[in-house]
Each structure stands twice: as C-alpha cells, then as structure tokens.
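There are 4 protein chains.
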Amino acid sequence: MARWPRIHLTTGPVDLSPGVLQAAAKPVLYHYDPLFLDLYAETCARLQQIFTTGHDVVILQGEAVLALEAAVVSLISPGDQVLCLISGLYGRGLATLARAVGGVVHELVVPSNSVIHPDDVRRALRRHPDIRVMTVVHVDTPSGTVNPLPQIGDAIAGTEILTIADVVASLGGEPFSPEASGVDIAVAGSQKCLGAPPGLAPVAVSPRAWQAMVRKEAPRGSYCSLLDWKDAWLDHHRFPYAPSVSLIYALHEAAGELLAEGLENRLTGFAAIANACRAAMGSMGLALWPTSNAIASNVVTAVCAPEGVLEADLLAHLRRRYGVVLSRSEGELAGRVFRIGHAPAHPTTLIAGLGLLERSLIDLGYALTPGAGVGAALAALTGWNDSAF
Amino acid sequence: MARWPRIHLTTGPVDLSPGVLQAAAKPVLYHYDPLFLDLYAETCARLQQIFTTGHDVVILQGEAVLALEAAVVSLISPGDQVLCLISGLYGRGLATLARAVGGVVHELVVPSNSVIHPDDVRRALRRHPDIRVMTVVHVDTPSGTVNPLPQIGDAIAGTEILTIADVVASLGGEPFSPEASGVDIAVAGSQKCLGAPPGLAPVAVSPRAWQAMVRKEAPRGSYCSLLDWKDAWLDHHRFPYAPSVSLIYALHEAAGELLAEGLENRLTGFAAIANACRAAMGSMGLALWPTSNAIASNVVTAVCAPEGVLEADLLAHLRRRYGVVLSRSEGELAGRVFRIGHAPAHPTTLIAGLGLLERSLIDLGYALTPGAGVGAALAALTGWNDSAF
Amino acid sequence: MARWPRIHLTTGPVDLSPGVLQAAAKPVLYHYDPLFLDLYAETCARLQQIFTTGHDVVILQGEAVLALEAAVVSLISPGDQVLCLISGLYGRGLATLARAVGGVVHELVVPSNSVIHPDDVRRALRRHPDIRVMTVVHVDTPSGTVNPLPQIGDAIAGTEILTIADVVASLGGEPFSPEASGVDIAVAGSQKCLGAPPGLAPVAVSPRAWQAMVRKEAPRGSYCSLLDWKDAWLDHHRFPYAPSVSLIYALHEAAGELLAEGLENRLTGFAAIANACRAAMGSMGLALWPTSNAIASNVVTAVCAPEGVLEADLLAHLRRRYGVVLSRSEGELAGRVFRIGHAPAHPTTLIAGLGLLERSLIDLGYALTPGAGVGAALAALTGWNDSAF
Amino acid sequence: MARWPRIHLTTGPVDLSPGVLQAAAKPVLYHYDPLFLDLYAETCARLQQIFTTGHDVVILQGEAVLALEAAVVSLISPGDQVLCLISGLYGRGLATLARAVGGVVHELVVPSNSVIHPDDVRRALRRHPDIRVMTVVHVDTPSGTVNPLPQIGDAIAGTEILTIADVVASLGGEPFSPEASGVDIAVAGSQKCLGAPPGLAPVAVSPRAWQAMVRKEAPRGSYCSLLDWKDAWLDHHRFPYAPSVSLIYALHEAAGELLAEGLENRLTGFAAIANACRAAMGSMGLALWPTSNAIASNVVTAVCAPEGVLEADLLAHLRRRYGVVLSRSEGELAGRVFRIGHAPAHPTTLIAGLGLLERSLIDLGYALTPGAGVGAALAALTGWNDSAF
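Written as structure tokens, this is what we have:
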C-alpha cells in the first residue's frame, strides 16, 4: 500500500489549509436555510473582492470546465466570428468549445513557450473586423506562461467584442481584474490558487455580457446555463438546483482566509516563491519551458526534464520515495516538461519540494551538487515575512 | 442571528453521519494519485452494489439535474419519439428536457396524488409504436408517491425502448435494480438516501444504452457528456477533468456505511419509519397527499397542510422555534403540502420531528392532543432494532 | 457489532456541538506559541464569565476528580476541622478525600432524595465552632437534587470558613456564582453542561483561598497542585507542563458558543427542558427520586425504575434497540434509579429520548399509553424559542 | 496577528497526521458504551505492541508528569533508598519527586552532554547495596542524549531493584522494551513520538511492580494512583473516572497508524532523519550539544547556538518570518542550546526546517553558504523510501 503523500506542489487540486478542510465537514444546511443563504451571499461577495471587480459573481457547481463551456454556449451563437488567442493547451481548448457551438473561429497562435502580443491581437482585429467574441487564457498551465491580459484588453478597447478569459489557474495568484483587462466573463476554479477543494467554478460576468446573453437567448434550464444563475440567484436569491453545500463552506472559508491575509500579500507571496523556484532551477542546471522569466507565471513553474531523466520516472520516484507530488505537463509537452505548482505559496513547501526534487534527480543519475537548488532558492527569499500576512 | 438547526427531515440535502462529514475533510489527493484511483474505483463498486446492478456506474460531478440532462442529451436525438410518464413535477421536468433536445414527446400524465399504471404504459405504446425512449421518475418527491418501476418495466419488456429512470430520491431508500425494471440509465443523487453531501450524481448505464450513445454520436467533450466518462474512466481510468475529490471521499464513506449496515436493512428501516410517520399523520388528523398508503413512498411523506395553517408559516415556525427543518412542496403543491423526509431513517429523528411538528401545529392554533402523533408512531415502531443493522 | 448511538441524555460526557467537535481537530500548536497563549487566556476569561465571577480561573488538565482532589489537598491540612455537607454520593466522596489528607471530618448528612437545609449548617457550626473548611456539592447527580448554595453561603457568612464547592455537574446548567454563594474553590468539569469533551477541570479560586494555600504551604510540584497553576499561569503565563491543547481548543469553542447564546438563555433552557421532562415522568406514572420538584435539578432528572422493570435492562434495551443512551445511577441507587441528563438542553433531544423511553418501557412490559410522556412534555414546552438564543 | 505556524520540529507537542486530528473530532461516546470499551481495550493492546512488552499497559489521563509522579508515589515509600541516574533535567526531576515522597536519594550524576555508564551504576550499587528503586530517563530531551537502557538494565540484573524509566520522549522513536531493559514502570507520553495530542500518559507496569504496590499499600482513590487503574480497568474493565474520550480516539488512531507502518520502519525512519540532521549541523558549522553522535538521540537533536546568535532570537525569527517552530532547551541549557525534534520523521519536514533554519541564521548575521545544511542532509538521505512504510 502506498503511503499518503506529504506535500503537493501541483497545478491543482492543491494542498488546503486545515481550516478549509474542516469547513467541508460542517453539517450540511438546507440550501434555503437563512444561515446558508447568508453564507452563500458572503461567499459571492468575497469572490468579488478577489476578482477585484464590481461585476456580478456567480458560482457554477462543477469543475472549471463546466463554467468555460457555459461561458462559450452563453456568448457564442452559430456563425459568430470568434478570435481565439492560443498560447497553449487551454487556449486551444476554448477554440474547440467555440467551434462546437458553431462559432467561426480565427486562431491567433503563438508557440507554447511564449505569450500573446497585444499588437498581434490588433492585427487580427484589423484582418477580421467582425469579431464578436474573443477568448484568452491568463495562465496556460501546461506551459507555465502568463499572458498580458491588461495589454490585450487595451488592444480591444473601444470595440464591442465580448471577452471570455480563463483565469482558472491564476485567480488569487496573479493580479487580475475583469475591468482592468476588459474581460466580460472570467472563469475561475476553486481548486487552484483560491485554495478550496475541486468542484466549484466562480465566474465574474459583466453587465454587457448579461445583456448579450439575454439578447441572444442563451441557454436556460441547463446545467451549462449562466442565465439560470442570474434568474435564480442574482435576481431572487434562489438556486436552480441544490448547490454543493459542503464545497461552498470550504470556498467561503478559503476566500475568507485569503482576504484576511490580504490579496496583495498573497500575490506578493506567489511572486516571491516563483522567483525563488526559478532561481533554484537555474542553479540546478534545469531549463524553464517559457523562453524568459518575464513571461513565466507566478503560479506554476514549467521545467524541461533534463537529458536522460524521464519526466514520468522522476514524478513517480518523488511520489513513491518521498511523498512529494509535482505535476506532469499535458498535450505536446507531456513527457518533456514537469511542473511545480506554487499554491499554497510558502517557503516551507517550496524548500521541501525542491530538496526532494534534488534528491530524486540524483537518485535517477542526474549530476547535481546536493543543496544547489535549495541554496539558490533560500538566497532569493530574502524578503519573506510571515508576519506581514 | 438564527441558531443552527438541530435536525433535518427534508427531501435533501439530508443530515449526514459524523463519519461522512469527516470524510469530506480529508486532505485532497491529486486525482491521479494511486490512492485516489483506488478509492474512486471502490466508490463506483460500492454504488454498483447499492444499485443492485451489473451495469456500469459512472459518477457525474454535479447535482443530479446534471445527470438527468446528460441522460436525455445522450439518448434522445431531434425527432426521436419519447414517452414521458408524468405523475409529478420531476416527471414533467424530464419531458421538458426531452423537448429541449428535439424529442417528440408523448406524455402519459396522471394526477400528482396517484401513480403510473403499467396498463396505461401498454396502451400508450400501442398508440405510439415508434417510441424510442421512455422517461420515468421512481419517487416524485413533491407528491411523495412511488411509481411501480418493475411493473412498468414489464410493460415494455421485449421492446427496444431505452428507459431513463430518475431514482434520485429513491436510491438507497426504496428497492431498485435497473435490470429488474428494464432501466437503461438510472440517475441517482448523492444528497438523498445515499447520505452524502450534494454535488455528485451516480448513474448506472446499461450496455445497450452505451451502444445507443455511440451509434447516435452522443455529445463528447462536454460537461453533460456521459460518453466522456466511458471513454475516460471506464476505458482508461482517466478523468475528463478533476473530479470533486472531497465529495468523492464523502460518498465513498456513505456508501461504505450503507453496505456495512446492509442494503436490505436500510430499506426495511425506511419502510418502518415511513409506516410510523403515516400512522402519526392519521392520528394527528392530517391527510396524506397520495390517495393511498400503497402508493406512498418510503423516503418522503407528503402531507396536506390542515385547514387554517399555512404551510409556509408552519415550516418557518418549526425552524425558528425548534430548529427542525421539514421540506416545502413545489410547483402546484407549494403552499398546500409539506413533506417529511425519512433519511437518515431512524426513530430518534422521526420522533423528535413529529413531536415538534405537533407542538408547532398547536402553537399555530391547530387542535391536537399533544402526543397523539408521536404515540401512534411509537405504537407502529414495534419491530425496530438498531442491533439488526 | 453495535451501531453507534444516536443521542445521549446522560450525566456526561454529553453530546457536543459540531463546532466543538471540530475544534478538537485543529492542528496542535506548541503551547507557548503566541496564538495558543492568546487562546488559552481567552478560554480562562470565558470561563470566568460562565462562573459569573471575578475570582481567578485556572484549568486543571484532567477529569474533575483531579481538581476536587487538588482543592482538598490544597486547603485541608492534617487536623483541620472540616464540615462535609452530604446529600449524596459525591458529597460523601469529598468527605473521603478530606479524611485522606488528615482532615477531621464532621458530616452533615441528609437522605439522598433531599437537600441540605441552611439551618442545619448553622446548627453544625454552632456545635463545631472550629470548622476551617466546608465542602458541598451543588448538584449531586446520582440523586438528581440541587443544594441551595446561596442560602448555604449565607449560613456561613461572616466566618473564616473556606468553602469547596463541587459544581461539576451544574456549571452552565444551574445558576451559580462563587461570590453569591461564598464559595472559595469551585470545581467544574468540561464534559457536563459546558459541552466540551472530558479531560479538563476549570476551577475558580478566591483570593483568600490563594492566601490560605500560600500560608499553609499547599503542595507544589505535583499534578494535584493548584499553586503550580497560580505560580506558572496566573503569575507568568507559563504552564507547569504541556496542557491538553486539543481539549483546550474544544473548551474554548464550547465556552464561546455558550456565551454567544447567552448564559441566561442557557439556564432558562435547562429549566424549561427539565420542567418538561418532569411533566413527562408524571404522565408516564414514573416517580422522581427527589422528594419534590422544588429540589430537583435542572441538569439531570433522577427517576425511580418502575415496579417490574430492571433499570439495567431498560438502559441496555434503549441503547441496543434505539441508540439512546441514558445514565444509570450509582452507589446505593444503582439498579433502582435511572437518570435523564439534560445537556445539551433542547426539545429535539428530549422528545426523541422520551419517546423511545416510552417505547422501551412498553417493550419491557410496562403499561403505558404511547405518547403520554411526550405529550406532557410538549404541553409543558410552550415557551421554547430557539430564536431567543 | 500572527499567522498560524506551518511546521513544528519540536520536542512536543508534535505535528499530528490528518487522521489523528480527525479522530479527536469523533462524537464522544459514553465511556461504558460497548463501542468505547472495545476501542479502549484495543488502544491498550496497540500500546503494548509499541512498548514491545507483555507487561500490563494502563493509560493515565493526563500529561506524562502525572504518570511520573504516580510511578514515584506508587513505588517509593518514606525511607526507601533510591538511586537516581541523572544525565539531564528530567533525570533531576525524578530525583526531586523521589525526595518529595520521602525517598533517600542517591544521585549518579553525569554532565548533561554525556550519558550514564553501566559500570557507574554497578559501582553505585556496590556502594549502596540497599537500593530499592532506581530511576532513569531514556532520552533526556533538553540535552538530546539517549541513555543505554539495556546495558543499564544488565547492571542491575538479578537484584530486587525496581526501575522507573521515563521513556516519554523516546517511545516510538528509539528502540525500547521494558523486559529488555529490566524496567518495571515505563512512562510514556502521547504527544511525542506516538504522534497523538498531549493529555495522555501510557504506562507499562511489570508484575513485580504491581506486587510491590499492593504490598506497600500504594495510594488508591487518587488521581496519582496506578492501583486505581489496576483495580478498575485491568481487573474489571471499569474506569476510576471518565477518561478523556476524544484523546483516546486520537491515541487509538495514532497507535494504529504507527503499527500499520511498522514499528521497525518508524524506528529506522527516526534514525535516518536524525542522521541527516546531524550531518546538516556539521555542514553548517554548528556543534551538537552531546559529546558524540553515538550518544545523540534519534528523536531530537540538541544544537549549540552559534557565537553571536541568541537562541531566543533565532527561534522567534524562525516562527515569525517562516512559520517554523523549533524547541528551546531548558534549565541550564536555556539560551545556549536549541533543539530540532524529529517527529513525525519525514524528509519533507526535515528539509523544510533545515532550509529555513539556514535562511534564519543568515538573516541574523551568521556566515553560511545557503544550501550547505540541506545539501548535507540530502546527501545523507540515500536510503529513504516512503514505499517501505
């Protein structure tokens, strides 16, 4: 029998705080109980703060892919011209969803180790002036890069284009605000930097996105409907169906803990941990997948498996020998890239993970001075201070 | 501030056992961790035992309405002739879903205080020999009735009709087996008699249902897809997306507790509690909504609010004064019928709920000898024995 | 295998709230961590409010008998004249402890179905003017009676007598204040009306009790020392040894919940539940052990087992058949008296317990109209209102 | 407000597994419930396996100091000749306890950075042939040394001397068996290597120790009585008073997890972690307090604070900046020595702690190449394998 793992440095589900885990074990209230209605409303309000938005926030009761699908079916009708910005696997996924509902998709593709340039977006719009909807991924986790959402937002400012942004991996770990990036539907996920269990997808929806949905008679009476949540929750504090009460408890607590520490502090923490991790990789002779640190995400570091070490062997070895779980990459990067997630962003987790990554690489024959990576990370962590949180 | 309620006698979410609540608080494993893969497989195997089936069981990661929608979109194509058996609100809901995907719906409707008669099904089939799909609800909770699924199954035996059965409210509380009732897709819900939190929908799918889905190219790459779960989980032990790990823990534990007590014991327990509850209603001068005890469900008792007492007032009073939560009815019965859920089926909960229902009715001016209902329930509980579980 | 019980109507350990149970599962802090020091101090402050006292409160890290022993060894020296008020088993226990440390014990004994009369105390003092210490039990649970502490306090007012009061069963369920009763050392227990797990004993100590201990060089450097806690905790916020961190979490939460509901509300609730319980016993033809309702405690009702029913059989039957746990009595009352504990004082628990007590009595051949007891309890519960808490 | 700490590398209370924490939150059973009696008996049986003994095991319901006091008052009478082996603070503590009960104490003292030599014991016995009781501490945590219990046992083999051994810090982390070391009363603590919360003290008692207690009429009817537990639990499966149910749950689970992993595996793990830790200290230029690795304990490493760094500053800095908790030393070593606890013995915790210890030392001005300590620890961890557990 395998031993239970000790730490996860993954792209999600991530390790949760004791308080969040315990919240999931509270007795299940009837969803129309006054206590639950208050708690649910407070959860949405907390998420609004984390989204840094005045837009409505609704919570779809499923994994983030549910909300991405809901966003696409709610905004895109057959024949709609759609610009899909693709810098990785999830960008491509949104294009697939858009095509599935009949959208006429124009792809702006860059290599998965780079990011979208706003000027390319401007060029694409000039070529296709009838674009109605744009899709973009903030952090495309398989490649560990972060697209410059505010600059991309500037590129479409003044147009009527509706933007769907996948901020699943980034919300709570990278700075983001729908208004600051001109995003109409921003889709997050509970099990990433928000620090809650998987199974919920918070979505921030702009007023003009709601208007567009009503106008085009977007789906109602479906699990993939966003309008159902506007009709029910936003307009009448009703639910389309019983929400996942236990998960809402956990998300409520996770959002509360995040805000108690301060969103700014959390973001600073992610940046510091990611910076230390990148320093460690350099010292260990490991190349990052992104072409530069400037475009590398703060929520996940994508690393090229070194010559002679199979990524699958490395991860299995880390899990079995040392109880440390890292993430594989996906798609074309599977087998070539492994990933170190940075939530919950804390030096103890990072140092433990880096140390045993070193140990595992050595076990598998990679030449490395033990402590090289950890030493570089420690050297980079000069400013850390738990008391600031 | 309201005090936290003490007991729920609702139609769901129901009160969970301490073990199930605690299971939801276990550390979240990466979904491809070997420990989680084993636990997930074991959860499916336990559900198969509870479904009393050799059919595949997959677990959709959302409320039961997700799985009902998935069943409908997976089996019904535009133009398909569909027979919808309607004895209540949820029967009507399936007809709505069937129409939404282009099904040509034939309704067999009976009043909501009665149940479907198999001969009526036979007659409907003779009138519409080209029926491809039939939908039926086992226990239509708003009306508290239980349709005779095995007899209805007999009525279509030998045909090619594919049957979708909503057993959301009944699984684990009323006897059911897909094979014994000729059911091809049976949809359950975690938060009812299974005794787990809301947010998961176990589905039992027959081989010929899978074949039909493949043949008609049912949806893939969607949150509402059943085939995604066949392709991923059943065929390769992969997931279409991160499952709700914490909820799976809870469902795994709930199913384990149920089987440890014994499915037969649980069903007997529900029957005994429902019987005692019906006896109490009689002694309290309250009429059941179903026309006879023979068609009344064992998982919920639907009761007509007495003359002079508003159902909404009664339920609010019970909640605020005594911390007891009963369920309202829905649709046309809203305001006229209230419901006493029977999970977890145990005399302590029933007696407490009945006693404070008596107290509340008296508080609201209803003439009643205190103890009349509880006394009748106690008299009916002769055979109860916790040690048998 | 026995099924887990459903409800406890015992004299302790009592059923705990979900929040208190969860508190015990919080990660264990180092006892000198600043977070724990704050939480510990806050726990003591909350206990002071519940003791309604300005006296110091220390928490001995063991069952209440530890603190009773500590009180006796701390105040009584060999040769000291001690007046022990004995109306039941625990009163006698204090006399035994007093003798064990060399006290010259004078017993004031009344039958266990009655209580101490203040005039008897006055008379005893006149007979033994050199009494230095008096011991008294507030609620002697085996007999379900409550001694009139304030009146007993009046009887010794103006003397130098130091009083040790056992309020283990009563604190949080019966009105009590050391100052109002002239009590110098009041010993409570976590697992009774305070609603926390067993293993902690809060003690309120008057200034003159501390002075007496210092003067007589009461034990130090011992698990039974009270002075160790004064020297360490009160004077320097240090601990004599590692406290039971998990239990402190639970007691902190339990005390917080109690104060959030309001001590007055809790006491009123106990009174209402006890009153309803006594009404039920009357209607069921069962005699209380105390000679009158006026001296019956609000935290436990002691009932004479009826002719023909063995108390042991009754309790075993209730536990095995219905998952309901009542308490046996002890000492000379064992086998003749059973007891219904009233914490946590709530109608749902009471009604469930009474109903299944009725059912069990009938199962065992006692003649009873089902519902008689519950009906009387319901009739008596007119004023209950959860919203007031 | 301080942030909750991330990891404890302390001498106790130690970080607990999620399963142990959750066990403490299970509903509190009545202590004579059949389910609890079984669980309690199983806990004792598990502890016997961990003690590697055929002796009786009883569990005192308090911190380990309670059981040390109970051992002393149970075996030592006024005038008894007692040999106290003192290699550190806790050894001295036992001498104090022995004197407090009137024992005539002969001290065998060695410096706190060394251990007792069996030949010195032989010499002491020759000088004092009337020794009745010997006391010894296995691991005297303030100094991080481990006394050679089996060899010390050999030195008194064949005598009638009764030995009290304090194995509080060592049980579950260092090899120990009462029989192999001639120990009559071995006192452990729940919150150290056993991995449970503080508040329980398992004690293994030899038959001849019980005989001696009966003969000398050791205390009964006291919280410090061992005989009470023999009379009640061992002889009649009764309790002297309500045990700490929640803590027993946790200890039951912790002992179960330990045995599931295997006692041998656990001990090997502690040895490996301690070895790696000592290697790290060497590479960091830090001196251990024990004079040689051969006498250094596997459960805690005592380290001399380097020139120019105050131990108190270092520990406060680690806690506040990085959420890492180490232990101070005590007594004469306070301020000069800090300690790294090794439970739960796992590389992730060790590496994280060492890394942030490095970082903290650098922050405070100590000259150190970042990664030096972690690198040495990693190099030493070649044989680690979670899968072996």
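Protein chains in written order, with my numbering: chain F, 1 to 389; chain W, 390 to 778; chain V, 779 to 1167; chain C, 1168 to 1556. Ideal Cβ placement from N, Cα and C applies to all residues, glycine included.
Next on the checklist: Residues of chain C with CB closer than 7 Å to the CB of TRP782/V, please, in chain order.
Outcome noted: LEU1202
Checklist entry - Taking just the CA atoms, how far does THR442/W sit from LEU867/V? => result 59 Å
Checklist entry - Cα separation between LEU436/W and ASN536/W? => result 22 Å
Checklist entry - On the premise that ALA186/F lies in contact with VAL167/F, defined as a C-beta separation below 8 Å, what is that separation, rounded to the nearest angstrom? => result 5 Å
Next on the checklist: Against chain C, does TRP384/F count as a neighbour if the rule is that its beta carbon must be under 8 Å from one of theirs?
Outcome noted: yes
Checklist entry - Roughly how many angstroms separate the alpha carbons of GLN1216/C and LEU1430/C, rounded to a whole number? => result 9 Å
Checklist entry - Buried or exposed: which applies to ARG1526/C, given that a residue is buried once 16 or more other Cβ atoms fall within 10 Å of its Cβ? => result buried
Checklist entry - Can you pull the DSSP bridge partners for SER716/W? => result ARG728/W
Item to check | 8 Å Cβ shell around ALA242/F - same chain, five flanking residues per side excluded | outcome: HIS31
Checklist entry - What are the boundary residues of the beta strand (DSSP E) that includes PRO1369/C? => result 1368–1372
Checklist entry - Can you find a CB in chain W that lies within less than 8 Å of the CB of GLU253/F? => result no
Item to check | Minimum C-alpha distance to VAL899/V - residue among ALA842/V, VAL911/V, SER890/V | outcome: VAL911/V
Checklist entry - Which two residues bound the contiguous beta strand (DSSP E) that contains THR1079/V? => result 1078–1082
Checklist entry - Given a threshold of 16 other Cβ atoms within 10 Å of its Cβ, counted over all protein chains shown, does SER283/F qualify as buried or as exposed? => result buried
Item to check | Straight-line gap, ALA723/W to VAL915/V (C-alpha atoms, nearest Å) | outcome: 55 Å
Checklist entry - Do ALA1347/C and PRO1317/C have their C-beta atoms closer together than 8 Å? => result yes
Checklist entry - Of the residues PRO306/F, THR159/F, VAL109/F, which one's Cα is nearest the Cα of ASP140/F? => result VAL109/F
Checklist entry - What first and last residue would you give for the beta strand (DSSP E) that runs through TYR666/W? => result What sits at residue 666/W in the sequence shown is Cys, not Tyr. First-last for CYS666/W: 652–672, but that is the alpha helix (DSSP H), not the beta strand (DSSP E).
Next on the checklist: Let me see if you follow: with CB-CB separation under 8 Å, is ALA1427/C close to chain W or not?
Outcome noted: no
Next on the checklist: With a threshold of 8 Å between beta carbons, is ARG1445/C in contact with chain F?
Outcome noted: no
Checklist entry - If you measure from the CB of PRO1122/V, is any heavy atom of the ligand FAD nearer than 7 Å? => result Only the bare structure without any ligand can be found here, which leaves the ligand FAD out of the picture.
Item to check | Buried/exposed call for ALA823/V, threshold 16 Cβ in 10 Å | outcome: exposed
Checklist entry - Roughly how many whole angstroms lie between the Cα atoms of SER595/W and VAL572/W? => result 8 Å
Checklist entry - Okay, do the region 1396–1412 of chain C and the region 969–980 of chain V touch, 3+ Cβ pairs below 8 Å being the bar? => result yes
Item to check | chain F contacts from the region 586–620 of chain W (Cβ-Cβ distance under 8 Å) | outcome: PRO586, PRO587, GLY588, GLY610, SER611, TYR612, CYS613
Checklist entry - Does DSSP classify LEU333/F as helix, strand or coil? => result helix
Item to check | Pairwise C-alpha distance: ALA639/W and THR1549/C | outcome: 38 Å
Checklist entry - chain V beta carbons: is any one of them nearer than 8 Å to that of ALA1191/C? => result yes
Next on the checklist: I want to see whether chain C comes within less than 8 Å of PRO362/W, judged by CB atoms only; does it?
Outcome noted: Since the first and last residues shown for chain W are 390 and 778, residue 362/W lies out of range.
Item to check | Alpha carbon of ALA1090/V to alpha carbon of ASP811/V, nearest angstrom | outcome: 48 Å
Item to check | Contiguous beta strand (DSSP E) assignments of at least 3 residues, all confined to the region 500–577 of chain W | outcome: 522–526, 551–555, 574–576
Checklist entry - When DSSP labels each residue in this structure, what does GLU69/F get in the three-state scheme? => result helix
Item to check | Rounded separation between SER1000/V and GLY1538/C - CA only | outcome: 46 Å
Next on the checklist: I'd like the span of the beta strand (DSSP E) that includes CYS862/V, first residue to last.
Outcome noted: 859–864
Item to check | Whole-number beta carbon distance between GLY1151/V and GLY1086/V, since they are thought to touch under 8 Å | outcome: So it is not a contact: roughly 18 Å between Cβ atoms.
Checklist entry - Who are HIS8/F's beta bridge partners in DSSP? => result VAL325/F
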